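Number of protein chains: 2
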Amino acid sequence: MRSAEFDRSQVLEQAMHTFMEHGYAKASMQKLTQATGLHPGSIYCAFGSKKGLFIEAASFYHQQKLQVFESLFSEDKPVLASLKELLANTVQECVQNTCAKVCLLTRSLNEIEGQDREIAELLARNLQQIELSLGEQIARAQRQGEAIIDEEPLALARFITMGVYGMRTYAFTNADQSILAQMAEQLLRAIQKP
Amino acid sequence: MRSAEFDRSQVLEQAMHTFMEHGYAKASMQKLTQATGLHPGSIYCAFGSKKGLFIEAASFYHQQKLQVFESLFSEDKPVLASLKELLANTVQECVQNTCAKVCLLTRSLNEIEGQDREIAELLARNLQQIELSLGEQIARAQRQGEAIIDEEPLALARFITMGVYGMRTYAFTNADQSILAQMAEQLLRAIQKP
DNA sequence: AGGACTCTTGAATGAACATTCAAGTATCTG
DNA sequence: CAGATACTTGAATGTTCATTCAAGAGTCCT
Numbered sequence: 000m001r002s003a004e005f006d007r008s009q010v011l012e013q014a015m016h017t018f019m020e021h022g023y024a025k026a027s028m029q030k031l032t033q034a035t036g037l038h039p040g041s042i043y044c045a046f047g048s049k050k051g052l053f054i055e056a057a058s059f060y061h062q063q064k065l066q067v068f069e070s071l072f073s074e075d076k077p078v079l080a081s082l083k084e085l086l087a088n089t090v091q092e093c094v095q096n097t098c099a100k101v102c103l104l105t106r107s108l109n110e111i112e113g114q115d116r117e118i119a120e121l122l123a124r125n126l127q128q129i130e131l132s133l134g135e136q137i138a139r140a141q142r143q144g145e146a147i148i149d150e151e152p153l154a155l156a157r158f159i160t161m162g163v164y165g166m167r168t169y170a171f172t173n174a175d176q177s178i179l180a181q182m183a184e185q186l187l188r189a190i191q192k193p
Numbered sequence: 000m001r002s003a004e005f006d007r008s009q010v011l012e013q014a015m016h017t018f019m020e021h022g023y024a025k026a027s028m029q030k031l032t033q034a035t036g037l038h039p040g041s042i043y044c045a046f047g048s049k050k051g052l053f054i055e056a057a058s059f060y061h062q063q064k065l066q067v068f069e070s071l072f073s074e075d076k077p078v079l080a081s082l083k084e085l086l087a088n089t090v091q092e093c094v095q096n097t098c099a100k101v102c103l104l105t106r107s108l109n110e111i112e113g114q115d116r117e118i119a120e121l122l123a124r125n126l127q128q129i130e131l132s133l134g135e136q137i138a139r140a141q142r143q144g145e146a147i148i149d150e151e152p153l154a155l156a157r158f159i160t161m162g163v164y165g166m167r168t169y170a171f172t173n174a175d176q177s178i179l180a181q182m183a184e185q186l187l188r189a190i191q192k193p
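Read top to bottom, the protein sequences are chains A and B.
Going by numbering that gives the first Met the number 0, the final residue of the first sequence carries number 193, and the count climbs one at a time with no gaps.
Going by numbering that gives the first Met the number 0, the final residue of the second sequence carries number 193, and the count climbs one at a time with no gaps.
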């Protein structure tokens, strides 16, 4: 036996950045080999195909985001405060000038539509999982008497989720911090009791 | 002299559909020649390049949407009613199973990010124009005493715009008519007086 | 009718692409 | 140390792509 020479999560991190920067189609194997430091053969040995690498990179991204989400919504803080932070984070990402300004999941989903059902479903599932977690947090907030309007928590979670997706696309037309921050405020106000 | 044999707007219509169905990168010249019925040489003669064709197709799409917008917001109807119709139209588009389910502008903007500044800026400008028109309509509604909250009309227009972008991406994860319709309601409620 | 002009045609071009694989190299086992 | 068993390497492969262009065909004007 001989163990692989590369660190799988380091490779995925770099591949993730490449896909975020160039999109799926335009992230050529050449760019991916340069970014990861792996040779084509190694990538095909480890991930099967470009698509296989993308699927793992997208899952890697998803796991990272999920972890941030979990740590943000800790038990001993008002949910509304965590939600506010989450939106502030999103705004910060959107106004960056690095590849971090895009959400790999939503961007790729827009790109891949009608091209690859397997990838589309994976991305959709990942996004829906975060939406569901958000729904649980909102339900918790309602139970704990936070000033959230009396509506189905899932409907509210979907609304916030839609808002985040919208902000991400909007940022491509106008990456203005104060405008995005105002949108975040409007979103929050829309689910709060008057 | 000899006039071209093809109808330019028919060609643009077909090219538009091809770009909507496959995205920019995956709409190959082969697909475009099949869809438009034109030979490569003719496309290059008439539009200069694939990019040139896309730019005209995107502008064509933009003009169509703008026209729908103008006819929807006729002077003798409450703005809120028109806005409700606009959102209902969007929902209807999103749940279709044809290429009409995508917005060429937002989808391409997501795809093109970081790849072609000229295209990105064109798409952004087109989208911002609709946003501005919406702002004017909202200002009119406020002047005419419709039940819209007392905030900058442009901020409200941006919020609705963001919502529409969000619905379009959301629809890729879950193209459920009732869910999208509920989002539209939530958006409307967020800008209305209680 | 003839010549000039322009549009159309579609095979040819070369670049970029994802993928493969046989040779090379390192590690582990006995 | 020797043999076996991986993993690594990167040039080669065949495909697909956007683009070009010279030949062909249609239209118009005189």
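Quick reminder that beta carbons are idealized off the backbone N, C-alpha and C, glycines included.
As the structure is a prediction and not an experimental result, all values here were calculated from the model.
* **Inter-residue spacing [alpha-carbon to alpha-carbon] between B/R7 and A/L11** => The residue given as residue 7 of chain B occupies position 8 in the second sequence. The residue given as residue 11 of chain A occupies position 12 in the first sequence. One Cα belongs to B/R7, the other to A/L11, and the distance between them is close to 46 Å.
* Identity of the residues DSSP links to A/Q185 by a beta bridge -> Within the first sequence, residue 185 of chain A is the residue found at index 186, counting from 1. Listed as beta-bridge partners of A/Q185 by DSSP are no residues whatsoever.
* To do: Kindly indicate which three-state DSSP category A/Q191 falls into: helix, strand or coil?
  => Here residue 191 of chain A corresponds to residue number 192 of the first sequence, with the count starting at 1. A/Q191 falls in the strand class under three-state DSSP.
* Asked: Does B/N109 get closer than 7 Å to chain A when you measure Cβ to Cβ?
  -> Translated into positions along the second sequence, residue 109 of chain B becomes position 110. At least one CB of chain A lies nearer than 7 Å to the CB of B/N109.
* To do: Compare the C-beta of A/M15 against all C-beta atoms of chain B and say whether one is closer than 7 Å.
  => For this step, residue 15 of chain A is matched to residue 16 along the first sequence. Taking CB atoms only, A/M15 has no neighbour in chain B less than 7 Å away.
* Run the CB neighbour count on A/N96, radius 10 Å, all protein chains shown included, and call it buried at 16 or more, exposed below. => Translated into positions along the first sequence, residue 96 of chain A becomes position 97. A/N96 counts as exposed, since fewer than 16 other C-beta atoms from the protein chains shown sit within 10 angstroms of its C-beta.
* Can you name the start and end residues of the alpha helix (DSSP H) that A/Y60 belongs to? -> On the first sequence, residue 60 of chain A is found 61 positions in, with the first residue counted as 1. A/Y60 -> alpha helix (DSSP H) spans K49 to L71.
* Please report the residue range of the alpha helix (DSSP H) in which A/I148 lies. => Position 149 of the first sequence holds residue 148 of chain A. It is not in any alpha helix (DSSP H) - A/I148 carries neither H nor E in the DSSP assignment.
* To do: Please check if any C-beta of chain B sits within less than 7 Å of the C-beta of A/Q63.
  => The residue labelled residue 63 of chain A in the question sits at position 64 within the first sequence. With its beta carbon at least 7 Å from every one in chain B, A/Q63 lies outside the interface.
* List, in order along the chain, the chain B residues whose C-beta lies closer than 7 Å to that of A/K194? -> Because chain A in this structure spans residues 0 to 193, residue 194 of chain A falls outside the shown range and cannot be described.
* For the stretch 89 to 107 of chain B, which residues have a beta carbon sitting closer than 7 Å to at least one beta carbon of chain A? -> For the stretch 89 to 107 of chain B, the beta-carbon criterion of a distance under 7 Å to any beta-carbon of chain A is satisfied by V101, T105 and R106.
* **C-alpha distance - B/K49 paired with B/E120, whole-angstrom precision** => Position 50 of the second sequence, counted from the start, is the residue given in the question as residue 49 of chain B. Position 121 of the second sequence, counted from the start, is the residue given in the question as residue 120 of chain B. Near 17 Å, if we compare the C-alpha coordinates of B/E120 and B/K49.
* If you draw a straight line from the C-alpha of B/S58 to the C-alpha of A/P77, how long is it? -> Here the question's residue 58 of chain B lines up with position 59 in the second sequence. Here the question's residue 77 of chain A lines up with position 78 in the first sequence. Going by C-alpha positions, B/S58 is about 47 Å away from A/P77.
* Just how far apart, CA to CA, sit A/L131 and A/Q91? -> One-based indexing of the first sequence puts residue 131 of chain A at position 132. One-based indexing of the first sequence puts residue 91 of chain A at position 92. If I take the Cα positions, the gap works out to 23 Å.
* **Buried or exposed (CB count within 10 angstroms, at least 16 for buried), B/C44** => By one-based count along the second sequence, residue 44 of chain B stands at place 45. Result: exposed.
* Using the Cα positions of B/N109 and B/A123, report the straight-line distance between them to the nearest angstrom. => Numbered from 1 along the second sequence, position 110 holds the residue referred to as residue 109 of chain B. Numbered from 1 along the second sequence, position 124 holds the residue referred to as residue 123 of chain B. One Cα belongs to B/N109, the other to B/A123, and the distance between them is close to 11 Å.
* Asked: With 16 as the cutoff for other CB atoms within 10 Å, does B/P152 come out buried or exposed?
  -> The residue labelled residue 152 of chain B in the question sits at position 153 within the second sequence. B/P152 is buried by the Cβ-count criterion.
* Is the Cβ-Cβ distance between B/Q63 and B/T35 less than 7 Å? -> Within the second sequence, the letter at position 64 stands for residue 63 of chain B. Within the second sequence, the letter at position 36 stands for residue 35 of chain B. Their beta carbons are not under 7 Å apart, which means B/Q63 does not touch B/T35 by this criterion.
* **Validate contact between the stretch 135 to 146 of chain A and the stretch 176 to 188 of chain A using beta carbons, cut 8 Å, 3 pairs** => No, because fewer than three Cβ pairs between the stretch 135 to 146 of chain A and the stretch 176 to 188 of chain A fall closer than 8 Å, the two stretches do not touch.
* Looking at B/K25 and A/Q114, is the spacing between their C-beta atoms short of 7 Å? -> For the purposes of this step, residue 114 of chain A is identified with residue 115 of the first sequence, where counting begins at 1. For the purposes of this step, residue 25 of chain B is identified with residue 26 of the second sequence, where counting begins at 1. Yes.
* Asked: For A/A174, which three-state DSSP category applies?
  -> Locating residue 174 of chain A in the first sequence gives position 175, counting from the first residue. Secondary structure at A/A174: coil, using DSSP grouped into helix, strand and coil.
* Assign A/E135 to one of three DSSP states: helix, strand, or coil. => Sequence index remark: in the first sequence, residue 135 of chain A carries index 136 (1-based). In the displayed model, A/E135 falls within a helix according to three-state DSSP.
* To do: Give a yes or no on whether the minimum CB-CB distance between A/L162 and chain B is below 7 Å.
  => If you number the first sequence from 1, residue 162 of chain A lands on position 163. According to the sequence displayed, residue 162 of chain A carries Gly and not Leu. Chain B has a Cβ within less than 7 Å of the Cβ of A/G162.
* Asked: When the cut-off is 7 Å and only beta carbons count, does B/G134 lie next to chain A?
  -> Within the second sequence, residue 134 of chain B is the residue found at index 135, counting from 1. No - not a single Cβ of chain A is within 7 Å of the one on B/G134.
* Are at least three pairs of beta-carbons, each pair with one atom in the stretch 143 to 157 of chain B and one in the stretch 140 to 158 of chain A, less than 8 Å apart? -> No, they do not touch.
* Taking only the alpha-carbon atoms, compute the straight-line gap between A/F171 and A/C102 and give it to the nearest angstrom. => By 1-based counting over the first sequence, the position of residue 171 of chain A is 172. By 1-based counting over the first sequence, the position of residue 102 of chain A is 103. C-alpha of A/F171 to C-alpha of A/C102: approximately 12 Å in a straight line.
* To do: Specify the secondary structure class of A/H242 as computed by DSSP and reduced to three states.
  => Outside the modelled stretch of chain A, which goes from 0 to 193, sits residue 242 of chain A, for which no answer is possible.
* **Where A/F46 falls: helix, strand or coil (DSSP)** => Sequence index remark: in the first sequence, residue 46 of chain A carries index 47 (1-based). DSSP places A/F46 in helix when its eight states are reduced to three.
* **Close beta carbons around A/T160, own chain, < 8 Å, minus the five adjacent residues each side** => To locate residue 160 of chain A, count along the first sequence from 1; it is residue 161. Only residues of its own chain outside the window of five on either side were considered, and among them L126, I129, E130 and L133 have a CB closer than 8 Å to the CB of A/T160, listed in chain order.
* To do: Using a Cβ-Cβ cut-off of less than 7 Å, list which residues of the stretch 34 to 45 of chain A approach chain B; keep chain order.
  => Answer in chain order: no residues at all.
* For B/Y23, does the three-state DSSP call read helix, strand or coil? -> For the purposes of this step, residue 23 of chain B is identified with residue 24 of the second sequence, where counting begins at 1. Residue state, collapsed to three classes: helix.
* Limits of the alpha helix (DSSP H) - the one that B/E92 falls within -> For this step, residue 92 of chain B is matched to residue 93 along the second sequence. Unbroken alpha helix (DSSP H) run through B/E92: V78 to V94.
* Please state if the CB of A/K100 and the CB of A/C93 are separated by a distance shorter than 7 Å. => Position 94 of the first sequence, counting from 1, holds the residue named residue 93 of chain A. Position 101 of the first sequence, counting from 1, holds the residue named residue 100 of chain A. In this structure, A/C93 sits near A/K100, with a CB-CB distance shorter than 7 Å.
* Would you call A/E112 buried or exposed, if buried means 16 or more other Cβ atoms sit within 10 Å of its Cβ? -> Locating residue 112 of chain A in the first sequence gives position 113, counting from the first residue. Classification of A/E112: buried, given that the 10 Å Cβ count is 16 or more.
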